[in-house]
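Presented below is the structure to which this report refers.
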Amino acid sequence: MKLIIAIIQPYKLEKVKEELYKAEVNLITVSEVLGHGRQKGVTEVYRGSKETGNLLRKVRLEIAVNDNFVKPTIDAIIKGAKTGDTGDGKIFVLDLPECVRIRTEERGNVAIG
């Protein structure tokens with residue numbers, strides 16, 4: 001089991017969700033987050049002076065998958081989120097040693113869904 005965490009541009013969320021659905025990945029957690037990487041932030045003019053905000057709005061996706069869904073999930077996220085520009089985001093894949101469905105107390109692969 002793996003936990004896939006992706007940080008993407010907010011305007012790409014719907015496209016990523018469409019691609020995940022096509023890959024039969026239907027269980028997802030979405031959070032609005034702030035951060036920056038190489039993009040560094042945005043410079044805006046406010047009352048005549050330049051202001052640089054060093055945190056940008058992003059969307060964080062968390063998707064727990066069984067091992068056979070890791071590649072299709074990553075491929076779907078890339079297909080939906082990639083523009084080729086700086087700021088497209090990152091994907092992190094972590095081992096998920098345990099998963100528990102609270103309602104039924106099922107554990108492991110079956111608890112993921």
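Numbering follows UniProt numbering, in which position 102 of the sequence shown is assigned residue number 102; successive positions increment by one, without gaps.
Where a beta carbon is used, it is the ideal one built from N, C-alpha and C, also for glycine.
These numbers come from a predicted model, not from an experiment.
Beta-bridge pairing of residue i - partner residues as DSSP gives them
i, result
"R57", "L34"
"I91", "A6"
"E62", "I5 and T29"
"R107", "V100"
Whole-number beta carbon distance between residue j and residue i, since they are thought to touch under 8 Å
i, j, result
"G35", "K58", "6 Å"
"L61", "I28", "6 Å"
"N109", "N66", "5 Å"
"V25", "I63", "6 Å"
Residue i to residue j span [Cα, whole Å]
i, j, result
"D85", "I8", "12 Å"
"K15", "G87", "16 Å"
"I112", "D95", "14 Å"
"G89", "I77", "10 Å"
"C99", "L56", "31 Å"
"E32", "F69", "24 Å"
"M1", "R101", "14 Å"
"F6", "L13", "Checking the sequence, you will find Ala at residue 6 rather than Phe. Cα to Cα, A6 sits roughly 11 Å from L13."
"T73", "E105", "26 Å"
Exposed unless 16 or more other CB atoms sit within 10 angstroms - verdict on residue i
i, result
"residue 200", "Residue 200 falls outside the range modelled here, since the chain spans only 1 to 113, and no answer is possible."
"G37", "exposed"
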